[in-house]
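For the sequence shown, the residue numbers in our numbering are 35 to 127. Here's the structure, in structure tokens; my notes come after.
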Amino acid sequence: MLDERGFHGLCFDSAEGYEAVCVSTIHGRPSIQLRSNDGNSPQERITLGVNESGVATVEIRDAAGKTHVRLEVGKDGHTRIEGVSPPLTSQEP
């Protein structure tokens with residue numbers, strides 16, 4: 035799939051007709067999205083990617099699409115974890 039918005043990707047549809055797995059680049063940045071139809075409509079449940087700043091991210095969401103866990107590693111190796119209690123000691127300044 036190619037389009038003028040900078041999205042180049044390959045998506046696999048589910049039997050229900052929504053894009054369940056997409057491997058793509060968005061404006062040259064790699065991304066993998068996993069969607070599930072566990073709620074009222076298909077939602078991204080897991081996303082892996084690298085943003086414009088070079089930060090690698092993993093996001094895990096509930097069936098409504100709300101992020102509960104986010105893991106990030108910057109180009110400099112700085113890590114950040116959200117949604118884990120208690121916070122890990124490696125996150126402390």
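We put the CB at the ideal spot given by N, CA and C, even for glycine.
Please classify residue i: does DSSP put it in a helix, a strand, or coil?
i      : result
Gly43  : strand
Ala54  : strand
Val103 : strand
Ala49  : coil
Gly83  : strand
Val92  : strand
Ser119 : coil
Step through the CB atoms of chain D and report whether any lies within less than 9 Å of the CB of residue i.
i     : result
Gly43 : As a matter of chain content, chain D is missing from the structure shown, which is built from one protein chain.
Roughly how many angstroms separate the alpha carbons of residue i and residue j, rounded to a whole number?
i     : j      : result
Gln77 : Ala97  : 7 Å
Ser87 : Asp110 : 11 Å
Gly40 : Gly62  : 7 Å
Leu68 : Ile94  : 10 Å
Ile66 : Thr101 : 16 Å
Ile80 : Asp47  : 16 Å
Asn74 : Tyr52  : 13 Å
Val84 : Ser58  : 11 Å
Gly43 : Glu116 : 28 Å
Suppose contacts are defined by Cβ-Cβ distances below 9 Å. Is residue i in contact with residue j by that definition?
i      : j      : result
Thr113 : Arg104 : no
Ala49  : Ser70  : no
Rounded C-beta distance between residue i and residue j? I'm assuming under 8 Å.
i      : j      : result
Val118 : Val107 : Rounded, the Cβ-Cβ distance is 15 Å, inconsistent with contact.
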